[in-house]
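Each residue of the sequence shown is one higher than the last, beginning at 15 in the numbering used here.
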Amino acid sequence: MTWRVQFGKRGGVYGGWVSKPGYDVTTALPGQFLLDTTSVVYQSVLSGDSLIYTEGSATVPAGTYTTAVSLPAAFAPYSNLSMLATYYMVQNNGTVFTVPNISNTYLTFHITSGVLYLNLTFRSNGGTGTGSVSFSHRAAYSIFRGGF
Numbered sequence: 015m016t017w018r019v020q021f022g023k024r025g026g027v028y029g030g031w032v033s034k035p036g037y038d039v040t041t042a043l044p045g046q047f048l049l050d051t052t053s054v055v056y057q058s059v060l061s062g063d064s065l066i067y068t069e070g071s072a073t074v075p076a077g078t079y080t081t082a083v084s085l086p087a088a089f090a091p092y093s094n095l096s097m098l099a100t101y102y103m104v105q106n107n108g109t110v111f112t113v114p115n116i117s118n119t120y121l122t123f124h125i126t127s128g129v130l131y132l133n134l135t136f137r138s139n140g141g142t143g144t145g146s147v148s149f150s151h152r153a154a155y156s157i158f159r160g161g162f
């Protein structure tokens, strides 16, 4: 009989494991598990929130605005990172707009050489309200180690 499930201590590490059919959980190697709670795959590497652009008038100039965030040195060499990010605005009185009212605006992001680049693009001039109100354009992000 092949043992397929183990919880507790395995190889000096506590966790839970379920092996793929045909593999003994006590001797299975990485890649032979359906579940391995000790795996670092899909664990968060970095989460944060970054200011990309601050505007002080009712018109946002068309263009792309970029901010760069360095990854922790231990994760910079990984090529198997994935991430989620969202764009939002904060008015100078603290009001948060998660669905901004600027048309033709989008957020792109990529990781190159251990640096996360967040790019906010305004494809055309857009207005956010009165000229006396300033807005901070921000991105919240989470980066995961995403490969096997």
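Every residue gets a Cβ at the ideal spot worked out from N, C-alpha and C, and that includes glycine. The structure presented is a predicted model; accordingly, all values stated were derived computationally and were not measured.
- With a cutoff of 9 Å on beta-carbon distance, S148 and E69 are scored as near each other.
- A direct Cα-to-Cα measurement between A82 and T41 gives close to 43 Å.
- S64 sits away from Y120, with the two beta carbons spaced by 9 Å or more.
- For W31, the enclosing beta strand (DSSP E) begins and ends at 27-33.
- For a cut-off of 8 Å, the C-beta gap from V104 to R152 is around 6 Å, short enough to register as a contact.
- Closest in alpha carbon position to G36, among A76, T16, Y102, is T16.
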